[in-house]
Every structure is written in C-alpha cells, then in structure tokens.
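Engineer:
4 protein chains.
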Amino acid sequence: MASENINEVKTTQQRILSSAIREFAEFGKAGARVDRIAETAGVNKAMIYYHFNSKENLYYEAIAEHISQVTANLQRRVSSSNTLEEIISSVVDEYILIFGSDPCFKQILLRELAEEGSPIIAKIAETISRSGVPNILYNKLLSEMEKGRIKQLDIRQAIASLISMNIGFFIVSPIVVKVLNISDIDSFLSARRKAVVDLFLSGVLIK
Amino acid sequence: MASENINEVKTTQQRILSSAIREFAEFGKAGARVDRIAETAGVNKAMIYYHFNSKENLYYEAIAEHISQVTANLQRRVSSSNTLEEIISSVVDEYILIFGSDPCFKQILLRELAEEGSPIIAKIAETISRSGVPNILYNKLLSEMEKGRIKQLDIRQAIASLISMNIGFFIVSPIVVKVLNISDIDSFLSARRKAVVDLFLSGVLIK
Amino acid sequence: MASENINEVKTTQQRILSSAIREFAEFGKAGARVDRIAETAGVNKAMIYYHFNSKENLYYEAIAEHISQVTANLQRRVSSSNTLEEIISSVVDEYILIFGSDPCFKQILLRELAEEGSPIIAKIAETISRSGVPNILYNKLLSEMEKGRIKQLDIRQAIASLISMNIGFFIVSPIVVKVLNISDIDSFLSARRKAVVDLFLSGVLIK
Amino acid sequence: MASENINEVKTTQQRILSSAIREFAEFGKAGARVDRIAETAGVNKAMIYYHFNSKENLYYEAIAEHISQVTANLQRRVSSSNTLEEIISSVVDEYILIFGSDPCFKQILLRELAEEGSPIIAKIAETISRSGVPNILYNKLLSEMEKGRIKQLDIRQAIASLISMNIGFFIVSPIVVKVLNISDIDSFLSARRKAVVDLFLSGVLIK
DNA sequence: GATGAATGAGCCTTCATTCAT
DNA sequence: CATGAATGAAGGCTCATTCAT
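Residue numbers (this note's numbering), protein chains in the order written: chain A, 43 to 249; chain B, 43 to 249; chain C, 43 to 249; chain D, 43 to 249.
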C-alpha cells in the first residue's frame, strides 16, 4: 500500500526516466519511440522535451540514472580484510544480484557493448573500477601468490576469467541454456554461484 | 564470362549482403538504413527490394549468410578421440578464431542477445549444438569423471563456465580492458588462450 | 517608491513590449518566439499571456507602442508658414531622424510592406497623413506652381518622388551601398540630406 | 493550347520551385509551410526533400531560380552609346518592368531587406552591378559633368536618388498611395515613368 | 501578479517501400 | 536487371497557449 503510494507520487521526470529505460532496453536507442515513452509514462510528449531536451539526451540521462540505481543497491561486502574465498564469493554474489534483479541493465549493456567506443561502457567500467573491487581482488591474489598459496599466473587473466564467468555468463546465458538443453533455469542459476567459486578457486589455488 | 563474375565481380546480391551485414552490425536492425546499404553496395535502392523483399528479410538473410560463412571457416579439430586437454585447447582456439576474425559477428550477436526470444540466437545455439562439440565435451568430461581423473562436479556448469570464459570474455572485453587497465591488448589476447585452458583444467582436474 | 518604479525599473509590460518589438523586428511575426521574448524580458512566459492575450495581439500592441514612440520623437518643424526650401529640408530631416534613430522601425516596416493589405501599413500611412506634412507640402507646391515658381507637374508624383528618395532610400540602402561600392557609409548618409534637397528643388524649380 | 501543354509538362522540380517562391513570398521563410508548398505543387511532401534537401535550401534555390528568371526577362536596352536621356529612360523602364511584372520579387526583396546581412540582398546587388548599368550610368553622368552639361554634384548620390525613386517607390507605394489618396493607381503608375525621368533630368541638367 | 509544468496541434524531416520506365 | 522518382506513414521536435499553485 505504502509502496503503491510511492509509485503514484513519482514525479513526471521519474516517470519519464523509468519508462525510457524500459523502452531503450527493449528496442535500443534507434528503435525506441518517444511517443511510446510518453504514453507509457502517462505524460504529454512535449514534456519529454521540456524536461530532457532530446531523445539522445534522455537516453543518456535514463541510463545514468539507472546505473546509479543499480550500483546503489550493491552491498559493500567486498572488503580487503576478507579471505580470498570470501572475496570471490562476494564478487560472484554481487554480479548475480545486479544481473538477476533487473533485466534492463543487461539489455542496455549488451546494446552498448555493440557500439564501438561507447561512452556508456566507459562509464560502467569506471564505476566498477571506482568501486575498488578489482583492486582488492588484484591485491589479494598478488599477496596470496607471494605467500605461495596460489599458482604463479597472470593475475589479470585470472580476473578477466572471473569477470567473464559472471557477466559473460549472464550475457550468453540464452545460448548456453539452449546448447546445454537446460530446462530448469532457476535451479541452474542458483547452483551457478557455487560452481563459479569452486572452479575459480580450484583453478588458482595450489594443491 | 562466368569466371569473371565469380572471381572478380561480386554479384549484386553478394554486394548487398556484405554491405547489409556491416550496416546491421554497426547500427542495429532499427538503426540500419536501406539507403546507406544501397549506396555502400553501389546498387539502386529498389534492387534491394527486388532481391530481398524487405529490410526485415534482408536482415535475416544477411545474418544467415554471415553465420554460415563464419562457421564454414571453422576447422573440425575437435574429435572425440582426443584427450581432454586437446579438446579444451581446440574449443578455445575455435572461439578465438571466430571472434578474432570478424567484428561483425560479435556485434550482431550482442544486439540479438539483447532481443528477447531472438530467433537468431536460437539459430546460433543450434549451429553450435549441431557442430557436436558440446556433446563431445560433455561426454569426455563425463568419462573422465567416471575414471576419477576430474572432480565430481556439475558438468553443465563447467561447460557453461568454459563457454563464458570464451564468448563471454570477447563480449565484455571492452569493459575488462578498461577495468584492468590493459594497454597491450594484442599480447593480452594471445596469452588468453593458455590462461583459459590452464584455469579450466586446473579447476576440474583432480590433484 | 513610486518614483523607483517609474524611473529605474521598467514595468513588466514595458519590458515585454520592448523585448517584443526587437524580436518581431529581427525575426518577423512568424519567426518570433514567445519563449525568447519572455527570456529577453526576464519574465515568465505565462505573464505575456496574462498581459497580452496572444502573440498576435502582442505583435500589434508592440508595434503601436513603438510607432507612437517614434513619432513622438518627431519635432514639428514643418509649418505651412515656411518657405518651400525650408519645408523640404524639414521633411528630409524628419525621415533621416526616424530611420536613423532606430533600426527596428525599418525592419517592421519592411516586413509589413511585404504583407498584402497590412493594417500596420495603413496605420503608418494614416499617422503620416494626420501629421499634416503631406498636406502642407501639397499646398505649398500648389501655390508655388500657381505663382510660377515651379514647373507645371503632377504634384503627387513629385511628392511620391520625394518620399521615395527618403523612405525608399533608407530601405534599399543595403543594395545601393553594395552597387555603388560605398565604403564610408556614415559620410554618405550625412551628405544625403543636402543631395536630396538639391536634386528635388532643382528638379521642380523653374530655371 | 501549346502554352497549356508547357505548363502541364513542367517537371516536378519546376512545380515545386514555382509553388515555393509564391509561398515564401506570401508568408516569408519562417511562415512558409512545406506541406502547403507540396500541396500547391501537387507533389508528395517527401519529394521536396528528395529534390531539395531542406526547407532552407529550397528557399535559396527558389529565390535563385526566380531572380535569374526575372533578370533574364530584362532587355539590354541600356547601352553606353545612348544619350543620358535615353539611359535614364531605359533604367526607369527596366525597374517598372521588374516590379510590375511579378509581385513575388518585391515581397521577397522586402523580407530579405529586413534581414541583417542577407546573402540574397548581396546577390541581387551583385546581379545589378554585373548588368553594367550602374557603371554605364556613372560614366555617362561623369562625362556629361565634365562637358558641363550637368551640374557639379555627387554622382553616387544622384544614382542613389534615381534608384530610390524607382525601387524605393515600388516598395513604399502602399504607403504613398494611401497618404496621397491615389485612387487610380494604374494611371498613376503609368505616369510615373515620365515623372521620374523629368524630375531627375531637371534636377541634374544645367539650365 | 508570477511561476513551473502541462498540453495539443502542427512542423520539418525521414524512411521503408513501390512504381514507371 | 536496373533506375530515378514517387508515396504514405510515421518520427522527432517545437510552439503558442493554458493550468495549478
């Protein structure tokens, strides 16, 4: 009831933004229709131009807003004081959280990855960097390597593999699901967390 | 005369198709312009409709043609008689070949992955399945597990991870490159093959 | 308090009117933008509609105000008691004053002259008529003709020529300046007064 | 019948151009409507953009075409071998021809004169210059002055006055007609030619 | 009086598609 | 096969005008 109220009280700008992100996610920047966004948001089309000057600008503002929402939801469970196992688990959890919670983010990400030199991608990369997680991960792997707990390997390749197994998996999951004939997607997804952590740790830890 | 056409001068249809795939890859289905395809192909716009009835149809025909070209280039080095190590290496090589050789394929793939229920994605999955590679991989992992050479694990999760580390990496590489501050992309890519094979094998093999 | 308003701070209406006349002069009635007028005047757009019901009405009120301002500045030096030479000189001076003092008037005049059956033009003509100057001029020329001081000619044609040499010149001056390659416009303009008076008088006076 | 055929056979471009010049003359660049031009020309609106890329460009092309048409109609009766009287007469005739034949030209001219730094005005001035008439006039007045046939005066002022009495008159005629209460406009116009020539010659000739 | 937000009609322009030749 | 011209249905954007506060 209360949450319903919150929905109803959303400002025009917020309504436009949330309609926009869904439209852009579903149809892409070129395929999106301003008329449809206006209709979905329940506002006059001209209002879109009143609040956001152009479709192009609306696109970027909608994405910026969405990214900040998505990243705001992240828990900062990844701390440098944790063990390697805890860190890896947390990282995997976070990615599952991000991609599992919202379908729009994945679509926008995919469409922007197809765009050469996309500023959105640059922004996402920067957001990830600024979260400090890659650094924590890098330093932990380095110190573990020095302590002889993990193998001698290219740390950046390892991180690249970890990221790929997470983001990459979510992205290519429609293909994987079909190729591997996975019928019960939900249980596969919930088992994924452990599988990734195990494979990665087994892959890097000595013995 | 005939040889002239075949060897030196691409037919109108071929010119249209290769212009189309580049246009669709760069701008997406909605952003692509029939005029631009015609101009790039050096043909009259009406010719496109003469040969391919609609933009929509051209899109699918161009992709079908492109996928068959890309997969035709694949060597069938993955054989069930090989060792697990050889199989993994071959699989990784193939993915590197596909994504490294042609930028269009990656873009098309990304855009289609963003499209819910994309028939293109279904087709690609089917092509992969029909190549037999997933089956070979599955069976080999199964038999190795039964022989006690690899750990007890969900084979499909393992394959999912392997695919993710390959396709997934190529797809998210723009982000990874930025996050990890990789300056020499080429050498990172050429080292990737070994890194993936090593991580995967270390991750699954016992001892 | 009151004096503050009157002397230092122009009222909202006045600010709107002076912004409007400049906007309409520069862009024409169709090209003028209510938003721009509001911004220039530093008022809210709705205020324009509060004070002047429509853009159309604002247009006419702005012009009316401007015309009355321009004509109010005119000195009434043209009197029937003067000599023909004095009258001609005064008339020429007045036109120079009007067109020289303010660029907006000329632009508005031009745009309205392009409008078939413009009420603004009718009003301007009426203002000129009511000033009495044409009548004074007509009667003086008539009496001089009867006295045999000036040639037998169509007085109205003569007046038409005089007006043309004044208003007409100011209007077509951008063309004249280019065609005659006039570099020092200011000195040309200041010499214009005498040239017009001389030509006209020489043209009409006997001997 | 033949002339009808000529009208009917006009190409799409020509039909657009002639509709456009009328629309732009009547409503100005800002007030003109592309829809209306298309309708008047009897063509699909998109054709306008097919042949002329934008409203702006159509404007300039329509005017360029119109100017060249108007100036092409001009007879080259003004020759340096003629007497001053003949030259003046010819010049006046030409202006009457131009402004009398076509109402569009006058309107376009007026609207452009209101535009600061108009390229159209520059073009018209250049066309006039290139016709050689101003030069012929200047040289003739100069030689006559040296021969002592005309007074010592600023020749450029004289030419400016002549141009004003012609172009200027046509332009301000709606005002003049009202101020002078001219009811029979046609006869006034036909008498104008002689009046201008007489006034100018009397004004400059000695004795 | 004053303001920010809202509206609806309409404008310029584009684009997939088709037609006549 | 090939072309230039044509079409109709939008699509993005603007603008005069109004409303609620």
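Every residue, glycine too, gets a C-beta built ideally from N, C-alpha and C. Computed from a prediction, not measured in an experiment: that's the story for all the values here.
Would you mind reading off the limits of the alpha helix (DSSP H) that contains N99 of chain D?
Structural biologist: From DSSP, the alpha helix (DSSP H) with N99 of chain D extends over 97-114.
Engineer: Tell me the DSSP bridge mates of A192 of chain C?
Structural biologist: The sequence shown places Ile at residue 192 of chain C, rather than the Ala named in the question. BP columns for I192 of chain C point to C:L247.
Engineer: Can you look up S160 of chain D in the DSSP assignment and give me helix, strand or coil?
Structural biologist: Coil at S160 of chain D, not helix or strand.
Engineer: Grab the span of the alpha helix (DSSP H) containing D77 of chain B for me, first residue to last.
Structural biologist: Here the alpha helix (DSSP H) through D77 of chain B covers 76-83.
Engineer: Taking any Cβ of chain C, which residues in the stretch 138-167 of chain D have a Cβ under 7 angstroms from it, in chain order?
Structural biologist: Here the close residues are Q149, L152, R153, L155, A156, I163, A164, I166, A167.
Engineer: Do you know whose CA, among C:G245, C:S123, C:A67, C:T125, lies nearest D196 of chain C's CA?
Structural biologist: When each option's Cα is compared against that of D196 of chain C, the closest is C:G245.
Engineer: Which chain B residues are close to V218 of chain A, counting only those with a beta carbon under 7 angstroms from its beta carbon?
Structural biologist: Neighbours of V218 of chain A on chain B, chain order: A202, I205.
Engineer: Put S225 of chain B into one of helix, strand or coil per three-state DSSP.
Structural biologist: S225 of chain B: coil per DSSP, three-state reduction.
Engineer: The ligand FMN and S132 of chain A: does any heavy atom of the ligand fall closer than 8 angstroms to the residue's C-beta?
Structural biologist: Looking for the ligand FMN in the displayed structure turns up nothing, as the structure carries no ligands at all.
Engineer: Below 8 angstroms on the Cβ atoms is my guess for I251 of chain B versus V218 of chain A; work out the distance and round it to an integer in Å.
Structural biologist: Because chain B spans 43 through 249 in this model, residue 251 of chain B falls outside it and cannot be assessed.
Engineer: Drop a sphere of 10 angstroms on the beta-carbon of S203 of chain A, count the other beta-carbons inside from all chains shown, and report buried for 16 or more, exposed for fewer.
Structural biologist: Counting Cβ neighbours within 10 Å, S203 of chain A comes out buried, since at least 16 surround it.
Engineer: Kindly indicate which three-state DSSP category N181 of chain A falls into: helix, strand or coil?
Structural biologist: Helix.
Engineer: How about the stretch 127-135 of chain A and the stretch 90-108 of chain A: do they share at least three Cβ pairs that are nearer than 8 angstroms?
Structural biologist: Output reads no: the stretch 90-108 of chain A does not touch the stretch 127-135 of chain A.
Engineer: The alpha helix (DSSP H) that contains K71 of chain D, what's its start and end?
Structural biologist: That run of the alpha helix (DSSP H) goes 54-73.
Engineer: I'd like the list of long-range same chain contacts for E46 of chain D, defined as Cβ closer than 7 angstroms, with 5 residues on each side in sequence excluded.
Structural biologist: With a pLDDT of 40 at E46 of chain D, under the threshold of 50, the predicted position of this residue should be treated as unreliable, though the coordinate-derived value follows. For E46 of chain D, where only same-chain residues beyond five positions count, there are no Cβ hits under 7 angstroms.
Engineer: State the DSSP-derived secondary structure class of N208 of chain C, mapped to helix, strand or coil.
Structural biologist: N208 of chain C falls in the helix class under three-state DSSP.
Engineer: So what does DSSP say about D144 of chain B, is it helix, strand or coil?
Structural biologist: Three-state DSSP puts D144 of chain B in coil, outside helix and strand.
Engineer: Our contact map puts A156 of chain A next to R153 of chain B with C-beta atoms below 8 angstroms; I'd like the distance itself, whole angstroms only.
Structural biologist: Indeed they touch by this definition, with Cβ atoms about 5 angstroms apart.
Engineer: Determine, for L126 of chain B, whether the minimum Cβ-Cβ distance to residues of chain A falls below 9 angstroms.
Structural biologist: No, L126 of chain B does not count as interfacial toward chain A.
Engineer: Would you call K182 of chain D buried or exposed, if buried means 16 or more other Cβ atoms sit within 10 Å of its Cβ?
Structural biologist: Its Cβ being crowded by 16 or more others within 10 Å, K182 of chain D is buried.
Engineer: Among the candidates D:F141, D:G70, D:I192, D:A167, whose CA atom is the shortest distance from the CA of L126 of chain D?
Structural biologist: It is D:I192 whose Cα lies nearest to the Cα of L126 of chain D.
Engineer: Below 7 angstroms CB to CB, which residues in the same chain sit around L243 of chain D once its five sequence neighbours on both sides are set aside?
Structural biologist: E127, I130.
Engineer: Under 9 angstroms between the Cβ atoms of I224 of chain A and R198 of chain B?
Structural biologist: Yes, Cβ-Cβ distance for I224 of chain A and R198 of chain B is below 9 angstroms.
Engineer: Counting only C-beta atoms, is G174 of chain B closer than 9 angstroms to chain A at any point?
Structural biologist: G174 of chain B does not count as touching chain A.
Engineer: Beta-carbon separation of E54 of chain A and V76 of chain A under 9 angstroms?
Structural biologist: Checking the displayed sequence, the identity of residue 54 of chain A turns out to be Thr instead of Glu. It is not a contact, given that the beta carbons lie outside the stated cut-off.
Engineer: Going by Cα to Cα distance, which pick from D:E68, D:K71, D:I79 is closest to S61 of chain D?
Structural biologist: Ranking the options by Cα distance to S61 of chain D, first place goes to D:I79.
Engineer: Just verifying my parser: in three-state terms, what is the DSSP assignment at R234 of chain B?
Structural biologist: Helix.
Engineer: Distance cutoff 9 angstroms, beta carbons only. Does E68 of chain D sit that close to anything in chain C?
Structural biologist: Taking Cβ atoms only, chain C reaches closer than 9 angstroms to E68 of chain D, which makes this a yes.
Engineer: So what does DSSP say about R198 of chain D, is it helix, strand or coil?
Structural biologist: In this structure, R198 of chain D counts as helix in the three-state DSSP scheme.
Engineer: Could you run through the stretch 88-116 of chain B and flag, in chain order, every residue whose CB is less than 7 angstroms away from some CB of chain A?
Structural biologist: Of all residues in the stretch 88-116 of chain B, none has a Cβ within less than 7 angstroms of some Cβ in chain A.
Engineer: Give the secondary structure of A118 of chain D by DSSP, where H, G and I count as helix, E and B as strand, and everything else as coil.
Structural biologist: According to the sequence displayed, residue 118 of chain D carries Arg and not Ala. If DSSP states are grouped into helix, strand and coil, R118 of chain D belongs with coil.
Engineer: Going by alpha carbons, who is nearest to K165 of chain B out of B:H108, B:I178, B:A72?
Structural biologist: If we check each option's Cα against that of K165 of chain B, B:H108 comes out closest.
Engineer: On the criterion of 16 or more Cβ atoms from any shown chain inside 10 Å, does L184 of chain B qualify as buried, or is it exposed?
Structural biologist: Exposed, by the Cβ-count rule.
Engineer: Residues of chain D with CB under 7 angstroms from S171 of chain C, in chain order?
Structural biologist: Within chain D, the residues near S171 of chain C are V221.
Engineer: Tell me which residues share the same chain as R119 of chain B and place their Cβ nearer than 8 angstroms to its Cβ, disregarding the 5 neighbours each side in the sequence.
Structural biologist: Contacts found: S132, D135, E136.
Engineer: With H, G and I counted as helix, E and B as strand and the rest as coil, what does DSSP make of T125 of chain B?
Structural biologist: Three-state DSSP puts T125 of chain B in coil, outside helix and strand.
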